Amino acid sequence: MISILTAIFSGIGRKAAFWGVIAFAIGAALWVAFRRGRLEAEAEFMIRRADARIRSLQTAKEVSNEVQNADRVDLERRLDRWMRD
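Under my numbering, the residues of the sequence shown are numbered 1 to 85, in order.
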């Protein structure tokens, strides 16, 4: 009788340990995937932000150069048109 109970309980223990290990492995894999995805998303966001800043700086430089190189009459004409709109 004791040997039968021992066999039943040891079988349940092994199955529980097996399913516990599987559950832990799935949980760990999901956590790693979530963490990695989050870090990659943050890195991609930082890259997009830096690219947007570079584009805005380039645009500001182009506008500044255009204003510096334009003659006075052209600037006044553009200002009048801008003020009307």
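The beta carbon of each residue, even a glycine, is placed where N, CA and C say it ideally should be. Every value quoted in this text rests on a predicted model; they were computed, and no experiment measured them.
| said: Determine whether the beta carbon atoms of Val67 and Leu75 lie at a separation below 8 Å. | reply: Along the sequence shown, read from residue 1 onward, the residue named residue 67 stands at position 67. Along the sequence shown, read from residue 1 onward, the residue named residue 75 stands at position 75. In contact: Val67 and Leu75 (Cβ atoms closer than 8 Å).
| message | Any heavy atom of the ligand ADP inside 7 Å of the beta-carbon of Met46? | response | Questions concerning the ligand ADP fall outside what the structure shown contains, since it holds no ligand whatsoever.
| query | What residue does the alpha helix (DSSP H) around Asp80 start on, and which one ends it? | reply | Counting from one through the sequence shown, the residue named residue 80 turns up at place 80. Run containing Asp80: 72-84, per the alpha helix (DSSP H) assignment.
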